[in-house]
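S.K.:
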Amino acid sequence: MRTYLVRSCETDELVGYFSLKAGLISGNEQERDGHIEFDTLPGVELANFAVNSAYIDAHPDYKGIGAIIFSEFVIPIIERISKDIGVRVVYIFALPFEKLINRYEAYGFKRLDEKSEDSLHARLKPAYDESCIFMYQHLA
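So the sequence shown is numbered by the numbering used here: it starts at 810 and just counts up by one.
(1) Let's see if you can read the secondary structure: which residues bound the alpha helix (DSSP H) around Tyr913?
(2) Considering only residues of the segment 878–909, which uninterrupted beta strand (DSSP E) runs meet the minimum length of 3 residues and lie entirely inside it, listed in chain order?
(3) To the nearest angstrom, how far is it from the Cα of Val824 to the Cα of Glu840?
(4) Go ahead and label Phe827 buried or exposed: buried means 16 or more other beta carbons lie within 10 angstroms of its beta carbon, across all protein chains shown.
(5) What do you get for Glu854, buried or exposed, if any count of 16 or more other CB atoms within 10 angstroms of its CB means buried?
(6) Would the beta-carbon of Ala903 fall within 7 Å of that of Ile874?
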């Protein structure tokens, strides 16, 4: 996992940070000959994505900082990675807060149906993300 700090060009204040780590997601689960089989898709997990609340408090007129970090920093790095190693999806285990889920949906993330999400969680979700919601988006 690698963590990136985003600083203001004007003040050098910490604006936010995010971490990226290589991973995969699974899908198309099927039972065959008494065994469960599934496909995997190479991906990048967006972890620890946050905006510095002190920066927001100090600059209340700056709106949409998280969206800017996502579109101008996160996505370009992931797109560059995808050209080299074939990453096809970006995903996140989001905290279960409606406002946050809505924000990630505005960034282009989607949720799985409940059955698929439960199956994926059983295979891939780390214990420390237990209450989190899996969200993903395919790369272009």
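Glycine included, each C-beta is placed from N, C-alpha and C at the ideal position. Quick caveat, the model's predicted, so the values are computed rather than measured.
M.R.: Short version:
(1) 907–915
(2) 898–903
(3) 47 Å
(4) buried
(5) buried
(6) no
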